[in-house]
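**Student:** Residue numbers (the working numbering), protein chains in the order written: chain A, 1 to 295; chain B, 1 to 351.
By construction, the Cβ of each residue, glycine as well, lies at the ideal position given by its N, Cα and C atoms.
Nothing here was measured: the structure is a model prediction, and the numbers come from that model.
Dropping the structure in here first, questions after.
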Amino acid sequence: MKHFKNLSAPYVVWALIFIVVSLFMVIFYAFTGETGQFTTQHFVRFFSGSTLGTLFQSLKIALISTVICLIIGYPLAYIIAMSTSGRYRATAIMLIVIPMWMNFLLRTYAWVTILSKNGILNSLLRMVGLGPLDILYTDWAVVLGMVYNFLPFMILPIYTVLEKMDQGLIEAAADLGCNKVLTFVKVIFPLSLPGVVSGVAMVFIPAISTFEITALLGGNKTNLIGNVIEQQFTVTGDWHYGSAISVVLMLFLLVSLFFTDREERDKVHASASDMVDTHQDVAFPETNQQEVHYD
Amino acid sequence: MKKYGLKIVVAICLVAILCVTSSCSDKAQNEKNIVNIYNWGEYIDKDLLTKFEEETGVKVIYSNFNTNEDMYVKLKNGGSNYDVVVPSDYMIEKMSNEDMLRPINWKNVPNLKYVDREYLYHSYDPNQKYSAPFFWGTLGIVYNTTLVEDPVESWEILWNKKYERQIVMLDSSRDSIGIALALLGYSMNATDFDQLKEAEALLKEQYPLVYAYLVDQTKDIMINGEAALAVMYSGDAVEALSENEDLAYAIPLEGSNLWFDAMVIPANAQHPENAEKFINFMLAPENAAQNAEFIWYSIPSTAAKELLEEELQNSEVAYPPKKVLEKLEVFRDPGDMVKIYDDIWQEVKNQ
Numbered sequence: 001m002k003h004f005k006n007l008s009a010p011y012v013v014w015a016l017i018f019i020v021v022s023l024f025m026v027i028f029y030a031f032t033g034e035t036g037q038f039t040t041q042h043f044v045r046f047f048s049g050s051t052l053g054t055l056f057q058s059l060k061i062a063l064i065s066t067v068i069c070l071i072i073g074y075p076l077a078y079i080i081a082m083s084t085s086g087r088y089r090a091t092a093i094m095l096i097v098i099p100m101w102m103n104f105l106l107r108t109y110a111w112v113t114i115l116s117k118n119g120i121l122n123s124l125l126r127m128v129g130l131g132p133l134d135i136l137y138t139d140w141a142v143v144l145g146m147v148y149n150f151l152p153f154m155i156l157p158i159y160t161v162l163e164k165m166d167q168g169l170i171e172a173a174a175d176l177g178c179n180k181v182l183t184f185v186k187v188i189f190p191l192s193l194p195g196v197v198s199g200v201a202m203v204f205i206p207a208i209s210t211f212e213i214t215a216l217l218g219g220n221k222t223n224l225i226g227n228v229i230e231q232q233f234t235v236t237g238d239w240h241y242g243s244a245i246s247v248v249l250m251l252f253l254l255v256s257l258f259f260t261d262r263e264e265r266d267k268v269h270a271s272a273s274d275m276v277d278t279h280q281d282v283a284f285p286e287t288n289q290q291e292v293h294y295d
Numbered sequence: 001m002k003k004y005g006l007k008i009v010v011a012i013c014l015v016a017i018l019c020v021t022s023s024c025s026d027k028a029q030n031e032k033n034i035v036n037i038y039n040w041g042e043y044i045d046k047d048l049l050t051k052f053e054e055e056t057g058v059k060v061i062y063s064n065f066n067t068n069e070d071m072y073v074k075l076k077n078g079g080s081n082y083d084v085v086v087p088s089d090y091m092i093e094k095m096s097n098e099d100m101l102r103p104i105n106w107k108n109v110p111n112l113k114y115v116d117r118e119y120l121y122h123s124y125d126p127n128q129k130y131s132a133p134f135f136w137g138t139l140g141i142v143y144n145t146t147l148v149e150d151p152v153e154s155w156e157i158l159w160n161k162k163y164e165r166q167i168v169m170l171d172s173s174r175d176s177i178g179i180a181l182a183l184l185g186y187s188m189n190a191t192d193f194d195q196l197k198e199a200e201a202l203l204k205e206q207y208p209l210v211y212a213y214l215v216d217q218t219k220d221i222m223i224n225g226e227a228a229l230a231v232m233y234s235g236d237a238v239e240a241l242s243e244n245e246d247l248a249y250a251i252p253l254e255g256s257n258l259w260f261d262a263m264v265i266p267a268n269a270q271h272p273e274n275a276e277k278f279i280n281f282m283l284a285p286e287n288a289a290q291n292a293e294f295i296w297y298s299i300p301s302t303a304a305k306e307l308l309e310e311e312l313q314n315s316e317v318a319y320p321p322k323k324v325l326e327k328l329e330v331f332r333d334p335g336d337m338v339k340i341y342d343d344i345w346q347e348v349k350n351q
């Protein structure tokens with residue numbers, strides 16, 4: 001093990017240069033003006049100006065996308081994880097992962113061809129005699145693009161948690177008189193919450209900061225916080241303001257992560273103790289209790 | 001931790017050595033006979049670079065930028081040593097105000113004589129001290145004649161409810177606010193806060209009618225007939241019109257933007273003589289014409305224009321009549337106003 005530690009040195013340097021240093025550069029830019037003096041004017045501008053509206057708009061769209069991802073992703077992960085055939089599970093997961101091997105911009109660009117006025121979708125609709133749909137360059141196209149791109153990030157963590165779940169617990173629930181629905185509500189879902197939490201975070205964070213999807217599928221009509229930041233760097237040339245918005249966004253995500261993390265952990269705790277409380281006659285195997293605690 | 005520390009030191013040393021050696025090779029390059037060119041993407045016929053190398057024996061190092069601001073930041077922060085850069089008008093004004101440009105020695109650039117008078121001494125370089133025009137163009141409306149029945153003479157048609165979700169605007173605060181200002185009868189370079197607020201209200205009113213705010217994709221949308229009206233630069237318009245004969249281009253009566261991209265030499269250029277050689281080479285009519293046939297944009301020289309294919313030469317899209325040109329306005333460096341423009345643009349799109 002000691003031997004391997006040495007190998008991490010390049011990684012430490014890498015992390016120092018590309019994560020820590022760049023992070024400090026962003027913070028430095030956020031708090032300085034053009035001449036390098038300390039200032040908080042960028043934050044004042046952010047909280048008093050139109051960008052605040054953009055932030056709420058981004059939160060809304062990211063939230064809708066995350067919820068849709070969860071609604072589609074959870075059942076899918078559940079169905080795959082509950083299959084008894086290992087080969088089926090492996091194939092299903094492969095099918096979810098394979099599209100990610102292709103560049104995500106290319107895949108998003110393909111949607112432009114599908115959704116455009118004379119595109120594939122409308123040609124198909126015309127064939128069955130339905131009117132053309134005008135979806136491209138609307139909020140819904142953006143949500144569609146986000147769900148399409150980020151769905152695997154919701155499915156995979158949930159699948160991992162569900163697959164590793166101790167089948168004994170489910171059997172125990174059944175033995176104690178829970179029907180399938182109740183087993184799901186009282187046992188499976190609470191135990192899968194850590195997967196849900198990381199899935200939600202892995203979808204929500206890229207969704208709120210994306211700017212390519214809004215540009216390609218939203219026609220820049222849906223203005224998200226990522227677009228505003230990009231604009232500051234590439235068009236307005238105001239690195240200080242761009243950095244300040246990035247800092248606000250980072251704080252926002254940190255805080256929300258912290259809360260969801262705590263909340264979900266508490267929930268897992270509560271449901272575990274709840275189970276123990278309501279079924280006092282059943283002694284859970286010690287190991288299981290441990291697992292529940294630290295999950 | 002101590003062990004880690006040692007490893008980190010070793011690794012940092014390695015990185016440092018790498019940096020030193022690479023800067024050494026930079027130095028070696030500096031002494032060689034080269035010219036370092038920084039241009040927009042897809043803005044030159046690469047055969048011309050080979051031709052230049054053969055003619056002069058100067059080796060070309062060529063790189064691209066995507067926006068004026070990207071280029072500006074790279075030059076401003078130092079560390080780069082470009083010899084020729086091709087920014088737009090307002091950016092040249094900004095850079096010359098900040099002493100970032102080196103005056104061109106016109107004795108070494110005799111081919112300036114081929115550039116027509118009307119493309120020189122504009123507001124961005126009033127004494128023609130720093131820049132040699134590369135391409136120029138206008139801003140106007142490309143429309144599909146099968147979808148638009150009304151005459152396209154005014155910017156007002158972009159506010160016509162009949163064309164709801166058939167209008168493509170430019171995703172550029174400067175151009176879009178400029179259009180609204182022109183429609184209101186103000187200067188496209190307005191800095192008056194009330195005038196800008198009026199323009200903002202107008203653009204907000206237009207938002208529901210707009211299909212999308214795009215730049216590069218507009219051309220394809222118009223060629224495929226997926227929108228009726230689009231704001232486009234003349235160079236892109238020429239290309240779109242050549243691919244779909246239903247399309248037409250109009251410069252609205254209220255006036256529009258006249259833009260230039262021009263070659264300049266940064267103040268810290270290492271090979272200014274080679275830079276002047278290159279600028280002189282690009283101004284030669286046969287080279288300018290070859291580039292224009294490749295890129296489709298307009299060249300500022302009648303001598304070069306006469307060498308173009310008939311069709312391009314006679315295109316009123318690329319070369320509008322002088323009467324139209326007189327009404328056009330070149331963008332000025334907005335200075336700190338750029339933040340106001342940016343905020344207005346956010347407000348318009350936050351709906």
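Out of B:K277, B:A289, B:N257, point me to the one whose CA is closest to N189 of chain B's CA.
**Tutor:** Closest option to N189 of chain B, Cα to Cα, is B:N257.
**Student:** Could you give the DSSP three-state label for R102 of chain B: helix, strand or coil?
**Tutor:** R102 of chain B falls in the strand class under three-state DSSP.
**Student:** Which value, in whole angstroms, describes the spacing of the CA atoms of M296 of chain A and L191 of chain A?
**Tutor:** Residue numbering for chain A in the displayed model covers 1 to 295; residue 296 of chain A lies beyond these limits and cannot be assessed.
**Student:** Report the three-state DSSP secondary structure of Y121 of chain B (helix, strand or coil).
**Tutor:** In this structure, Y121 of chain B counts as coil in the three-state DSSP scheme.
**Student:** Starting from L365 of chain A, trace the alpha helix (DSSP H) both ways and give me its first and last residue.
**Tutor:** Residue 365 of chain A cannot be examined here, being either before or after the span of chain A that is shown, 1 to 295.
**Student:** From this set, B:K51, B:N36, B:G57, which residue's C-alpha is nearest N64 of chain B's C-alpha?
**Tutor:** Ranking the options by Cα distance to N64 of chain B, first place goes to B:N36.
**Student:** Under 9 Å between beta-carbons, which chain B residues line up against T302 of chain A? List them in chain order, please.
**Tutor:** The structure shown does not extend to residue 302 of chain A, since chain A is modelled only from 1 through 295, so no value can be given for it.
**Student:** Using DSSP with H/G/I as helix, E/B as strand and the rest coil, what is S48 of chain A?
**Tutor:** S48 of chain A falls in the helix class under three-state DSSP.
**Student:** With a threshold of 8 Å between beta carbons, is Q128 of chain B in contact with chain A?
**Tutor:** Judged by the 8 Å Cβ criterion, Q128 of chain B is not in contact with chain A.
**Student:** Please name the residue or residues paired with M232 of chain B in a DSSP beta bridge.
**Tutor:** M232 of chain B is bridged to B:G140.
**Student:** By how many angstroms is the C-alpha of P252 of chain B removed from the C-alpha of N308 of chain B?
**Tutor:** With the sequence shown as reference, residue 308 of chain B is identified as Leu, and Asn is not the correct amino acid for it. The alpha-carbon atoms of L308 of chain B and P252 of chain B are separated by roughly 27 Å.
**Student:** State buried or exposed for Y211 of chain B, treating a residue as buried only when at least 16 other CB atoms are found within 10 Å of its CB.
**Tutor:** Under this definition Y211 of chain B is a buried residue.
**Student:** Confirm, please, whether the CB-CB distance from I177 of chain B to I295 of chain B is below 8 Å.
**Tutor:** No, Cβ-Cβ distance for I295 of chain B and I177 of chain B is not below 8 Å.
**Student:** Is there a C-beta anywhere in chain C that falls below 8 Å from the one on A212 of chain B?
**Tutor:** Although the question refers to chain C, the structure presented lacks it and instead comprises the protein chains A and B.
**Student:** Mind the definition here: the region 217-225 of chain A touches the region 139-146 of chain A only if three or more C-beta pairs lie below 8 Å; say whether that holds.
**Tutor:** Short answer: they touch.
**Student:** Compute the distance between the beta-carbons of V330 of chain B and D125 of chain B, then report whether it is under 8 Å.
**Tutor:** No.
**Student:** Would you call the region 219-226 of chain B and the region 96-109 of chain B touching, i.e. three or more CB-CB distances under 8 Å?
**Tutor:** These segments do not touch.
**Student:** Out of A:L106, A:T138, A:W111, A:P157, which one is the CA nearest neighbour of Y74 of chain A?
**Tutor:** Out of A:L106, A:T138, A:W111, A:P157, A:P157 has the C-alpha closest to the C-alpha of Y74 of chain A.
**Student:** T160 of chain A and A173 of chain A look like a contact to me (Cβ under 8 Å); what is the Cβ gap, rounded to whole Å?
**Tutor:** Wrong, their Cβ atoms sit about 21 Å apart, outside the cutoff.
**Student:** On a CA-only basis, which of B:Q313, B:V142, B:E156, B:G255 is nearest Y249 of chain B? Give me that one, please.
**Tutor:** Among B:Q313, B:V142, B:E156, B:G255, the Cα nearest to that of Y249 of chain B is on B:V142.
**Student:** With distance defined between alpha-carbon atoms, name the residue in A:W14, A:S48, A:N149, A:I205 nearest to Y109 of chain A.
**Tutor:** Answer by Cα proximity: A:N149.
**Student:** When you compare the CB of A272 of chain A with every CB in chain B, is at least one pair closer than 8 Å?
**Tutor:** Residue confidence for A272 of chain A is low, a pLDDT of 46 falling below 50, so the modelled location carries little weight; the figure read from the coordinates is stated next. False, the Cβ-Cβ gap to chain B never drops below 8 Å.
**Student:** Answer yes or no: does any C-beta atom of chain A fall closer than 8 Å to that of E347 of chain B?
**Tutor:** Output row for E347 of chain B: interface = yes.
**Student:** When Cβ atoms are compared, which residues of the region 29-57 of chain A fall closer than 7 Å to chain B?
**Tutor:** So the list reads G49, S50, T51, G53, T54, Q57, given in the order they occur along the chain.
**Student:** Let me make sure I understand the geometry here. Which of A:K60, A:V203, A:I188 has the alpha-carbon closest to that of G168 of chain A?
**Tutor:** The candidate whose alpha carbon is nearest that of G168 of chain A is A:I188.
**Student:** Within 10 Å of its beta-carbon, does Q351 of chain B have 16 or more other beta-carbons around it, so buried, or fewer, so exposed?
**Tutor:** Exposed is the call here.
**Student:** Count the other C-beta atoms from every protein chain shown that fall within 10 angstroms of the C-beta of Q231 of chain A, then say buried if there are 16 or more, exposed otherwise.
**Tutor:** Result: buried.
**Student:** Near Y241 of chain A, which residues of its chain fall below 8 Å by C-beta distance, leaving aside the five closest residues on each side in sequence?
**Tutor:** If we look at Y241 of chain A and ignore the five residues flanking it on each side, its Cβ neighbours are H42, R45, F46, Q232.
**Student:** Are the beta-carbon atoms of F204 of chain A and A62 of chain A separated by less than 8 Å?
**Tutor:** Going by C-beta atoms, F204 of chain A is nearer than 8 Å to A62 of chain A.
**Student:** Can you tell which of A:T234, A:G237, A:I225 has the C-alpha that lies nearest to the C-alpha of L52 of chain A?
**Tutor:** Of A:T234, A:G237, A:I225, the residue nearest in Cα terms is A:I225.
**Student:** Check P126 of chain B in the structure and name its three-state DSSP category.
**Tutor:** Correct three-state label for P126 of chain B: coil.
**Student:** How big is the Cα-Cα spacing for V85 of chain B and Y341 of chain B?
**Tutor:** Each residue's Cα considered, the two are about 26 Å apart.
**Student:** Going by the CB atoms, is the gap between G235 of chain B and Y297 of chain B shorter than 8 Å?
**Tutor:** Cβ atoms of Y297 of chain B and G235 of chain B: closer than 8 Å.
**Student:** Quick check on DSSP: helix, strand or coil for Q29 of chain B?
**Tutor:** Because Q29 of chain B sits at a pLDDT of 49, beneath the cut-off of 50, its placement in the model cannot be relied upon, and the following sentence gives the value as read from the coordinates. In this structure, Q29 of chain B counts as helix in the three-state DSSP scheme.
**Student:** Anything in chain A within Cβ reach of E226 of chain B, meaning under 8 Å, just list it in chain order.
**Tutor:** Going along chain A in sequence order, the residues near E226 of chain B (Cβ under 8 Å) are S116, K117, N118.
**Student:** Quick one: what does DSSP say V84 of chain B is sitting in, helix, strand or coil?
**Tutor:** Strand, per DSSP.
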